[in-house]
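So the sequence lines, in the order shown, correspond to chains S and A.
Just so you know, my numbering puts 203 at position 218 of the first sequence, and the rest follows in order with no gaps.
Quick note: to get my numbering, add 2 to the position in the second sequence (first position is 1).
From the three backbone atoms N, C-alpha and C, an ideal C-beta is built for every residue, glycine too.
Remember, it's a predicted structure, so these values are computed and weren't measured experimentally.
These notes concern the structure reproduced below.
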Amino acid sequence: MSEASSVGAEAAPGLTDLTAVQLRKLLDAREVSATEITSAHLDRIHRLDGILHCYIEVMIDVALQQAAVADRRIAAGNAAPLTGVPVALKDILCTNDAPTTAASNILRGYRSPYDATVVERLRNEGAIFLGKTNTDEFAMGSSTENSAYFTTRNPWDIDRVPGGSSGGSAAAVGAGEATLALGSDTGGSIRQPAGFCGVVGLKPTYGRVSRYGLIAFASSLDQIGPFARTVEDAAILLGAIAGHDPFDSTSVHEPVPDFLASFTGDLRGIKIGVAREYSVEGMEPGVQLAVDTAVQRLVDLGAQLVTVSLPHTEYALATYYITAPAEASANLARFDGVKYGLRVEGETLRETYERTRGEGFGSEVKRRIMLGTYALSSGYYDAFYVKAQKVRTLIKRDFEEVFAQVDAIVAPTSPTVAFPIGARTDDPYQMYLADVFTIPANMAGIPAIAIPCGMVGGLPVSLQIIGKPFDEATILRVADAYERSEPWVGMRPTL
Amino acid sequence: MALTSGDIRHVAELARLGLSPEERERLREQLTSIFEHIAVLDRLDTSAISPTAQVNSLTNVLRDDKIRESLPRELVLGNTPAQTDGFFDVQAVLASNTPEEPR
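Structure (structure tokens):
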């Protein structure tokens, strides 16, 4: 990182450098209070966020009040695994005590009357909500440059994007502006920014986590998941939010295991697939090298490598760019200027709809509504939407066949490291290519985790580990074993 | 497959999306380019493949038909830009069905 893009000198390691597990130990030993932890994070946000812009809304009063409650709970001996731990929430998750905007002008100032289920669960755990983080508008994008408010900066180089759409959550965890964060992943929106910011990000199995209170983008793909600086922390946060919810009929009655129980530190008996299709034109050599080195390390840890083939990988991006916009065009029909949000009145109701939506949505959201409406429109429905759904079957079958032979698949998270701000905004398809390796897991509904696996030119590289449905335990085990064997987990940006 | 300005106008009307002439032209170019990339799917013969709309095995999830507390009306109306007597204010629906002025 150049001198010019460095934010300032760093003090000695403090509360904002620790993991949730470390903070919990200090809290239980009464060596630090939740109020001190919260204040340290609010101070750091105050110092850094004018430059990094991770947060749309910092929930100072809520956080301090939650901290006071957490301190009383700890004193009473009732602490849960996340009591007193600071968490950032992507601003697409509804909160009843802070605005929820989806980073869109159409929802500026919107106050949800209820909490998302994941928010409610963390509230009940006694977690501390530091604020609502920036995202591409309605989670549509790969850089946070589509936020209607501002672009978040990558903590490793403030001239580069943090990735997206959950860029604010990823950058906040990477920069020590939060210990943990939640994001949502429709085509890579947790894993790709986690990779760009050098943190851990996990997309759970479709149905593992309730989406009640998540502003919907593409309902057959969206999943909420954790960001953390260690695999162990990510596993704890996943455990806290996972499980069936009667308010989300797509959430599944599947037992949530103790993910940490699988953390053995070695990979003997694990078969890992390496797919030859996970290499594309434009792949950065440094990224390929770091990923190849990481795969070799998995072998050193006892894993057996199997070369596998996922022949329909090259069709996943095109399939996604029909499916996701089609679903989005239907989900976003609710923004009509009647029930909430912006209203730009016209002569007729129809004109009010058109003017409200024309002024309220940003250009990427309009592009996707147009793409999706076109793909669903009479005369094109079979050629585009149905075709994409059929190819989705093929993509899903590829994974089913490979998972009959292996326990997990490894791949790069992204073909490149974080790119400069503005580098891809003029060419939508170039931007879409940033998600080429993350989209297949969404299409198949399977879990995948992104973990740091090296540095190229001062920027983090990320390894993706993809698992069987509802087998987050195995990919977490592989990720944890790898993390313990390499120094990347300790690397932090100079801020 | 090149989209025409008529295609764009038609789709924008379906989506109830107001667009400026500049936006329409830019979208025409960008969507044409995106659909060129998407055409890669034509290489696959999917005539014998059934579609996957979603990956869960869940079907027809029902809940118990029990009455439970709803959100308070004031809270639900709290975000609306316009309300009258505890209802959402909506312009006359039928008036919007009159034929469109040519634009």
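- prompt: Using 8 angstroms as the limit for Cβ to Cβ distance, is K256 (chain S) near chain A?
  reply: Here residue 256 (chain S) is taken as the residue at index 271 of the first sequence, counted from 1. False, the Cβ-Cβ gap to chain A never drops below 8 angstroms.
message: Can you list, in chain order, the residues of its chain with a C-beta nearer than 6 angstroms to that of I245 (chain S)? Leave out the 5 residues immediately preceding and following it.
response: In the first sequence, counting from the first residue as 1, residue 245 (chain S) sits at position 260. The displayed chain sequence assigns Leu, not Ile, to residue 245 (chain S). Closer than 6 angstroms at Cβ, skipping near neighbours: A220.
- prompt: Taking the alpha carbon of R477 (chain S) as the point to measure from, which residue in S:D285, S:A157 and S:I200 has its own alpha carbon closest?
  reply: For this step, residue 477 (chain S) is matched to residue 492 along the first sequence. Among S:D285, S:A157 and S:I200, the Cα nearest to that of R477 (chain S) is on S:A157.
task: Please list the partners that R96 (chain S) has in chain A, where partner means a Cβ-to-Cβ separation under 8 angstroms.
output: Within the first sequence, the letter at position 111 stands for residue 96 (chain S). Chain A residues near R96 (chain S): G80 and N81.
query: Shortest alpha-carbon distance to G183 (chain S) belongs to which of S:P472, S:P445 and S:G452?
result: Residue numbering aside, residue 183 (chain S) sits at position 198 when the first sequence is read from its first letter. Ranking S:P472, S:P445 and S:G452 by Cα distance to G183 (chain S) puts S:P445 first.
field: N427 (chain S) classed as buried or exposed, judged by whether at least 16 other C-beta atoms fall within 10 angstroms
entry: On the first sequence, residue 427 (chain S) is found 442 positions in, with the first residue counted as 1. Here N427 (chain S) is buried. Its C-beta has 16 or more other C-beta atoms within 10 Å.
With 16 other Cβ atoms within 10 Å as the buried cut-off, status of G452 (chain S): In the first sequence, the residue the question calls residue 452 (chain S) occupies position 467. Buried.
query: Which partner residues of Y40 (chain S) appear in the DSSP bridge assignment?
result: Walking along the first sequence from the start, residue 40 (chain S) turns up at place 55. BP columns for Y40 (chain S) point to S:T118.
task: Kindly list, in the order they appear in chain S, the residues whose Cβ is closer than 7 angstroms to that of F90 (chain A).
output: For the purposes of this step, residue 90 (chain A) is taken as the residue at position 88 of the second sequence. Ordered by position in chain S, the residues that pass the 7 angstroms Cβ test against F90 (chain A) are V323 and K324.
- prompt: When the distance is taken between beta carbons, is S314 (chain S) closer than 8 angstroms to T341 (chain S)?
  reply: Residue numbering aside, residue 341 (chain S) sits at position 356 when the first sequence is read from its first letter. Residue numbering aside, residue 314 (chain S) sits at position 329 when the first sequence is read from its first letter. Contact: no.
message: On the DSSP bridge list, what partners appear for S169 (chain S)?
response: In the first sequence, residue 169 (chain S) corresponds to position 184, counting from 1. The partner list for S169 (chain S) (beta bridge, DSSP) reads S:I209.
- prompt: Using a C-beta to C-beta distance shorter than 8 angstroms, which residues of chain A count as neighbours of K351 (chain S)?
  reply: Here residue 351 (chain S) is taken as the residue at index 366 of the first sequence, counted from 1. Going along chain A in sequence order, the residues near K351 (chain S) (Cβ under 8 angstroms) are L19, L21, E25 and L29.
- request: Quick one: which unbroken beta strand (DSSP E) runs of 3-plus residues sit fully inside the region 340 to 428 of chain S? Chain order, please.
  value: The region 340 to 428 of chain S is shown to contain whole beta strand (DSSP E) runs of 3 or more residues at 393 to 397, in chain order.
- prompt: Bridge partners of G258 (chain S), per DSSP?
  reply: Here residue 258 (chain S) refers to the residue found at position 273 when the first sequence is read from its first residue. Bridge partners of G258 (chain S): S:V291 and S:I394.
query: What residue does the alpha helix (DSSP H) around G490 (chain S) start on, and which one ends it?
result: Only positions -14 to 480 of chain S appear in the structure, and residue 490 (chain S) is not among them; the question remains open.
- prompt: Can you give, in chain order, each stretch of the alpha helix (DSSP H) that sits fully within the region 82 to 119 of chain S and has at least 4 residues?
  reply: Listed in chain order, the alpha helix (DSSP H) elements of length 4 or more contained wholly in the region 82 to 119 of chain S are 102 to 110.
- request: Would you kindly work out how many angstroms separate the C-alpha atoms of L252 (chain S) and Q177 (chain S), rounded to a whole number?
  value: On the first sequence, residue 252 (chain S) is found 267 positions in, with the first residue counted as 1. On the first sequence, residue 177 (chain S) is found 192 positions in, with the first residue counted as 1. Computed Cα separation, rounded: 25 angstroms.
Beta-carbon separation (whole angstroms), S128 (chain S) vs R352 (chain S), contact threshold 8 angstroms: Here residue 128 (chain S) is taken as the residue at index 143 of the first sequence, counted from 1. Here residue 352 (chain S) is taken as the residue at index 367 of the first sequence, counted from 1. Actually they are not in contact, since the Cβ atoms of S128 (chain S) and R352 (chain S) sit about 15 angstroms apart, beyond 8 angstroms.
query: Does any CB atom of chain S fall closer than 8 angstroms to the CB of A4 (chain A)?
result: The residue given as residue 4 (chain A) occupies position 2 in the second sequence. With a threshold of 8 angstroms between beta carbons, A4 (chain A) makes no contact with chain S.
- request: Express the C-alpha separation of D76 (chain S) and R47 (chain A) in angstroms, rounding to a whole number.
  value: One-based indexing of the second sequence puts residue 47 (chain A) at position 45. One-based indexing of the first sequence puts residue 76 (chain S) at position 91. Per the sequence shown, residue 47 (chain A) should be read as Asp rather than Arg. So the alpha carbons of these two residues sit roughly 41 angstroms apart.
field: Three-state secondary structure (DSSP) of I198 (chain S)
entry: Stepping through the first sequence from its first residue, residue 198 (chain S) is reached at position 213. The sequence given here has Gly at residue 198 (chain S), not Ile. In this structure, G198 (chain S) counts as coil in the three-state DSSP scheme.
- request: Closer than 7 angstroms, Cβ to Cβ, to anything on chain S: give me those residues from the region 56 to 70 of chain A, in chain order.
  value: Q56, V57, N58, L60, V63 and R65
- prompt: Within this structure, are the beta carbons of A309 (chain S) and G172 (chain S) separated by less than 8 angstroms?
  reply: For the purposes of this step, residue 309 (chain S) is identified with residue 324 of the first sequence, where counting begins at 1. For the purposes of this step, residue 172 (chain S) is identified with residue 187 of the first sequence, where counting begins at 1. Yes, the pair counts as a contact, with Cβ atoms nearer than the cut-off.
field: S150 (chain S) burial status per 10 Å Cβ neighbour count (16 or more: buried)
entry: The residue labelled residue 150 (chain S) in the question sits at position 165 within the first sequence. Burial call: buried.
field: Of the residues S:V441, S:T479, S:Q374 and S:A303, the one placed nearest I424 (chain S), counting alpha carbons only
entry: In the first sequence, residue 424 (chain S) corresponds to position 439, counting from 1. Ranking S:V441, S:T479, S:Q374 and S:A303 by Cα distance to I424 (chain S) puts S:A303 first.
query: Nearest-angstrom Cα distance between S169 (chain S) and A101 (chain S)?
result: Along the first sequence, read from residue 1 onward, the residue named residue 169 (chain S) stands at position 184. Along the first sequence, read from residue 1 onward, the residue named residue 101 (chain S) stands at position 116. If you take the alpha carbons of S169 (chain S) and A101 (chain S), they lie about 13 angstroms apart.
task: Just grab the DSSP bridge partners of P445 (chain S) for me.
output: As a first step, residue 445 (chain S) must be located in the first sequence, where it is residue number 460. Looking at the DSSP assignment, P445 (chain S) forms a beta bridge with S:M440.
- prompt: In chain order, what residues of the same chain lie with their CB nearer than 8 angstroms to the CB of V487 (chain S), ignoring the 5 residues before and after it?
  reply: Outside the modelled stretch of chain S, which goes from -14 to 480, sits residue 487 (chain S), for which no answer is possible.
Of the residues S:D142, S:L115, S:R382 and S:V441, the one placed nearest T54 (chain A), counting alpha carbons only: In the second sequence, residue 54 (chain A) corresponds to position 52, counting from 1. The shortest Cα separation from T54 (chain A) among S:D142, S:L115, S:R382 and S:V441 belongs to S:R382.
- request: Give me the Cα-Cα distance between I434 (chain S) and E336 (chain S), rounded to the nearest whole angstrom.
  value: As a first step, residue 434 (chain S) is located in the first sequence; it is residue number 449 there, counting from the start. As a first step, residue 336 (chain S) is located in the first sequence; it is residue number 351 there, counting from the start. Near 45 angstroms, if we compare the C-alpha coordinates of E336 (chain S) and I434 (chain S).
- request: Count the other CB atoms, across all protein chains shown, that sit within 10 Å of the CB of E468 (chain S); report buried if there are 16 or more and exposed otherwise.
  value: Here residue 468 (chain S) refers to the residue found at position 483 when the first sequence is read from its first residue. Buried.
message: Is there a C-beta anywhere in chain A that falls below 8 angstroms from the one on L222 (chain S)?
response: As a working note, residue 222 (chain S) is residue 237 in the first sequence. Not one chain A Cβ lies under 8 angstroms of L222 (chain S).
- request: Using only the heavy atoms of the ligand MN, determine whether one of them is closer than 7 angstroms to the beta carbon of A201 (chain S).
  value: With respect to the ligand MN, the structure shown offers nothing to examine, as it has no ligands at all.
field: For A53 (chain S) and V146 (chain S), the rounded distance between their alpha carbons
entry: As a first step, residue 146 (chain S) must be located in the first sequence, where it is residue number 161. As a first step, residue 53 (chain S) must be located in the first sequence, where it is residue number 68. Taking the straight line from one Cα to the other gives about 35 angstroms.
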